[in-house]
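Protein sequences appear in the order of chains A and P. Read the first sequence against full-length UniProt numbering and you will find it ends at 343, with the numbers running on by one and no gaps. Read the second sequence against full-length UniProt numbering and you will find it ends at 343, with the numbers running on by one and no gaps. Glycine residues also receive a C-beta, built at the ideal position from the N, C-alpha and C atoms.
There are 2 protein chains.
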Amino acid sequence: MAPKARNVTQREIARIAGVSQTTVSMVLNDRDGSNVRIPEATRERVKRAIEQSTYVADPAARRLAGLDNQIMGVFTYEAALSPESMDFYGPLLNGLERAAEQVGCDLLFFTSSPVEDGTRSLFHRKTRLRLADGCILLGQQMDGDDLKRLVDEEFPFVAVGRRDETTAKVPYVGIDYVSLTAELIARAAELGHREALYVHRGRNSPTARDRLQEIHTSNASGGPRFTLVDGVDTIVEDLARTGATLVFAEDAFLAEDVALALGKAGTVVPEQVSLTALGEVRGHRVNGHPLSGFQVPRQQVAAEALNLLQQLITTPSDEWAGLDTQLLLAGQLELGETLVGRA
Amino acid sequence: MAPKARNVTQREIARIAGVSQTTVSMVLNDRDGSNVRIPEATRERVKRAIEQSTYVADPAARRLAGLDNQIMGVFTYEAALSPESMDFYGPLLNGLERAAEQVGCDLLFFTSSPVEDGTRSLFHRKTRLRLADGCILLGQQMDGDDLKRLVDEEFPFVAVGRRDETTAKVPYVGIDYVSLTAELIARAAELGHREALYVHRGRNSPTARDRLQEIHTSNASGGPRFTLVDGVDTIVEDLARTGATLVFAEDAFLAEDVALALGKAGTVVPEQVSLTALGEVRGHRVNGHPLSGFQVPRQQVAAEALNLLQQLITTPSDEWAGLDTQLLLAGQLELGETLVGRA
DNA sequence: GCGAGACGCTAATACGTATTTTCAGATCAC
DNA sequence: GTGATCTGAAAATACGTATTAGCGTCTCGC
């Protein structure tokens, strides 16, 4: 590497102020006790020397000496800053940035982790994970082994979204999709719907399972009866075959695809069939109608995740058991105009 | 699970393999020379010990030992991840992320820097700037003193956007707004426009000055004559007073404001007056017409900036003089439909 | 006048890694 | 057979900061 212009160190300051490096460190950290005492005069002298130099503490050395660095890692299983993923990651990143600013920490994005099979891998030979005090994990799907290993190593981290990929107790902050889905199903029942489709993606994430669980509960308990459909290809026939009056889509984009497919076949939402997304719907419209679904506090989730992480970092790991490390935040129904009474 | 899971270190590996920490380091870094020789047998033994452990090198220690870490700092003078700033920062961040992935480096966002007077300050007592190998600077306006200090300290950094806040030779990658503006003025002249307004914001950034310079050149050299207007409040009167047939706005958002203000007064774009933005116009429309202006390669700018930074880091600072550290990338005119022949 | 404690500071050490130097034993040259 | 070279490895050191232990000097109490 380049023969860097040597930096100002405590030793240099010490030389100027005519004291030892230890004293400089003590002054900088405002240490004062029974075995270490520094009179105001010396303190001032050191401080002046620091002011007149361009000294800044070397974070690597601080870290090596065992102190916190206020650096939070951010690991995303997919590219986070691309235009396509902004819809999902945008609010989360925004929440993280704001919380980080408040807490006073920097964010280290692990953009270097090699991509294998379409997702980034967290642990690899040169992982820089440990440069951070802790880490936020983002992504729709996560690797259960990664999560387990992090827990085992007692590395402070918080996942965004409920996690059940491993039996290890993973700290997370997520959204309570179970309750939201249940509420929405109840609402649909009130409106007289008895037969419905649930259109989902192949994906197998915990939040997907949460929704699915309630769908199954409804089927088993005499609520509206759902037929599961994977993708929109056969949606028109499925609708005709089951006589469904309502379609639940896993998310807003899928809902838009559904509306499009139905529209092509001459079936109009919501006049002929109701449509609802089981996800954030802000900004989504179908045939000019605001889409029915959820409002989820994504920024807040991210902010809470960072706060929880901060808590883990400042708490000795043998006291983690006493912390509430699995948070589900409540979202709210967004009634919209595409879920209406049975036609 | 009670015992503290201390991190695996080279010393630990050494103990297991029955060698010294030195040897472990040598194996890890594939060192082999006249001074240091390790036979394949020992090498294998160490490697196996590493494989079976969860060892990962501590980046802080590596850094302290003088190695680079493939960590690029990202400093933004304003919040970068908020929805409002996404329009400006989004493409830049995207370009950075992709380039970082290619180069194999992580991105450290300095979100902790305290905000004073609305902008973040780069240098402060606890700045973690130096934890990064180098730094990318983003923002419309930058602090000349910051830039000068970075240059003086020979810290590797690259600014995004042309910089002239200091006489120090600041490495940057920007967009050639001078040529673009000149082209657009020439185009306007071809279309017969002789009298025009230039609507700008109070802002005083280098790119703003670049555009302004060409506006003045046009005025001085017999091109279309521009009257400068600050903000849209008096736009209607200004238009009437000067008899202008064309409005240049500093950016697309300002252009939209102009169109709105004119519309309220019954003046329609582009039928009665032409309108053009001196900035990126993708996705912007005025009265249903695609806005005329520029297409600027923001992602590419960011990617080039990261590549340049990488170059600076891997080049000894006494050879920087031989590098081409000030790049202007060419954008292209987006003709759109709001710049038409003189009415 | 002499031990006890207070005072003001520093030497020594630790953190984990990379490099430079050193060293013991084997082999070679003559 | 003995100085020289080669081999395989470890000891010593450096990076910059934080902490712990401890040292010399002064003052107080009796």
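Spatial distance of residue i from residue j (CA atoms)
i: A:Gly-66; j: P:Ala-305; result: 34 angstroms
i: P:Ala-186; j: P:Gly-73; result: 40 angstroms
i: A:Ala-49; j: P:Glu-116; result: 25 angstroms
i: P:Thr-166; j: P:Gln-326; result: 14 angstroms
i: A:Leu-309; j: P:Ser-179; result: 49 angstroms
i: A:Asp-318; j: A:Ala-196; result: 49 angstroms
i: P:Pro-270; j: P:Leu-335; result: 13 angstroms
i: A:His-216; j: A:Phe-226; result: 8 angstroms
i: A:Ala-330; j: A:Gln-295; result: 9 angstroms
i: A:Glu-101; j: P:Ser-112; result: 5 angstroms
i: A:Leu-339; j: A:Gly-192; result: 11 angstroms
i: P:Asp-233; j: P:Leu-260; result: 11 angstroms
i: A:Val-8; j: A:Arg-63; result: 18 angstroms
i: A:Gly-231; j: A:Arg-194; result: 22 angstroms
i: A:Asp-133; j: A:Ile-313; result: 7 angstroms
i: A:Gly-33; j: A:Val-56; result: 25 angstroms
i: A:Gly-144; j: A:Ser-218; result: 29 angstroms
i: P:Ala-220; j: P:Leu-278; result: 20 angstroms
i: P:Val-27; j: A:Thr-22; result: 35 angstroms
i: A:Met-1; j: P:Pro-91; result: Note that A:Met-1 scores 37 on pLDDT, short of 50, meaning its location in the model is unreliable and no value can be drawn from it.
i: P:Arg-43; j: P:Ser-25; result: 11 angstroms
i: A:Ser-82; j: A:Ala-17; result: 51 angstroms
i: A:Arg-98; j: P:Asn-35; result: 52 angstroms
i: A:Gln-332; j: A:Ile-235; result: 28 angstroms
i: A:Pro-297; j: P:Leu-108; result: 26 angstroms
i: A:Cys-105; j: A:Lys-264; result: 51 angstroms
i: A:Ser-20; j: P:Lys-169; result: 38 angstroms
Where residue i meets chain P, residues with beta-carbon distance less than 8 angstroms
i: A:Asn-307; result: In chain order: nothing, as chain P lies at least about 15 angstroms away.
i: A:Ser-82; result: Asn-94, Glu-97, Arg-98
i: A:Glu-271; result: Correct list: empty, because the minimum Cβ distance to chain P is about 28 angstroms.
i: A:Met-86; result: Met-86, Gly-90
Interface partners of residue i on chain A, CB under 8 angstroms
i: P:Arg-128; result: Pro-59, Asn-69, Gln-70, Ile-71, Asp-106
i: P:Ala-79; result: Glu-97, Arg-98, Glu-101
Local Cβ density within 10 Å of residue i, reported as buried at 16 or more and exposed below that
i: A:Pro-316; result: exposed
i: A:Asn-69; result: buried
i: P:Leu-323; result: exposed
i: A:Ser-274; result: buried
i: A:Asp-152; result: exposed
i: P:Arg-128; result: buried
i: A:Arg-11; result: exposed
i: A:Thr-245; result: buried
i: A:Gly-139; result: buried
i: A:Asp-164; result: exposed
i: A:Ala-303; result: buried
i: A:Asp-210; result: buried
i: P:Pro-224; result: buried
i: P:Leu-228; result: exposed
Within 9 angstroms, strictly: CB atoms of residue i and residue j
i: A:Ile-71; j: A:Val-46; result: no
i: P:Phe-157; j: P:Ile-175; result: no
i: P:Glu-337; j: P:Ser-292; result: yes
i: A:Ala-80; j: A:Leu-93; result: yes
i: P:Arg-120; j: A:Thr-54; result: no
i: A:Arg-130; j: P:Asp-58; result: yes
Chain-ordered chain A contacts of residue i [CB-CB under 9 angstroms]
i: P:Phe-109; result: Val-74, Glu-97, Ala-100, Asp-106, Leu-107, Leu-108, Phe-109
i: P:Thr-325; result: Going along chain A, no residue has its Cβ under 9 angstroms from P:Thr-325, so there is no contact; the nearest lies around 14 angstroms.
i: P:Arg-48; result: None at all; the shortest Cβ gap to chain A is about 15 angstroms.
i: P:Arg-63; result: Asp-58, Pro-59, Ala-60, Ala-61, Arg-63, Leu-64, Leu-131
Interface partners of residue i on chain A, CB under 7 angstroms
i: P:Leu-122; result: Within 7 angstroms Cβ-Cβ: nothing; P:Leu-122 doesn't reach chain A, min ~11 angstroms.
Partner residues on chain P for residue i, Cβ-Cβ distance less than 9 angstroms
i: A:Ala-112; result: A quick correction: the sequence has Ser, not Ala, at residue 112 of chain A. Near A:Ser-112 (Cβ distances below 9 angstroms), the residues of chain P are Gln-70, Ile-71, Ala-100, Glu-101, Val-103, Gly-104, Cys-105, Asp-106, Leu-107.
i: A:Val-170; result: Simply none; closest approach about 14 angstroms.
Under 7 angstroms by beta carbon: chain P residues contacting residue i
i: A:Gly-293; result: The premise fails here: A:Gly-293 is roughly 20 angstroms from chain P at the closest Cβ pair, so nothing lies under 7 angstroms.
i: A:Leu-131; result: Pro-59, Ala-60
i: A:Arg-162; result: Chain P residues near A:Arg-162: none, gap ~22 angstroms exceeds 7 angstroms.
i: A:Ala-255; result: Near A:Ala-255 there are no residues of chain P at all, since even the closest Cβ is about 22 angstroms away, more than 7 angstroms.
i: A:Glu-319; result: Residues of chain P passing the Cβ test: none, with the nearest at roughly 12 angstroms.
Of all the alpha helix (DSSP H) runs that stay within the bounds of the segment 202–230 of chain A, which reach a length of 4 or more residues?
Unbroken alpha helix (DSSP H) runs of no fewer than 4 residues, entirely contained in the segment 202–230 of chain A, are found at 206–220, following chain order.
In chain order, what are the residue ranges of uninterrupted alpha helix (DSSP H) at least 4 long that sit wholly in the segment 61–100 of chain A?
As far as the segment 61–100 of chain A is concerned, it has no whole alpha helix (DSSP H) run of at least 4 residues.
Jot down the residue ranges of each uninterrupted beta strand (DSSP E) in the segment 249–318 of chain A, minimum 3 residues, whole runs only, in chain order.
Listed in chain order, they are 274–280, 292–295.
Let me know the beta strand (DSSP E) ranges lying completely inside the segment 154–178 of chain P, each 3 residues or longer, listed in chain order.
Runs found: 157–160, 172–175.
Please give the ranges of any beta strand (DSSP E) in the segment 103–138 of chain P, keeping only runs that are unbroken, at least 3 residues long and fully inside the region.
With a minimum length of 3 residues, the continuous beta strand (DSSP E) runs that stay inside the segment 103–138 of chain P are 106–109, 134–138.
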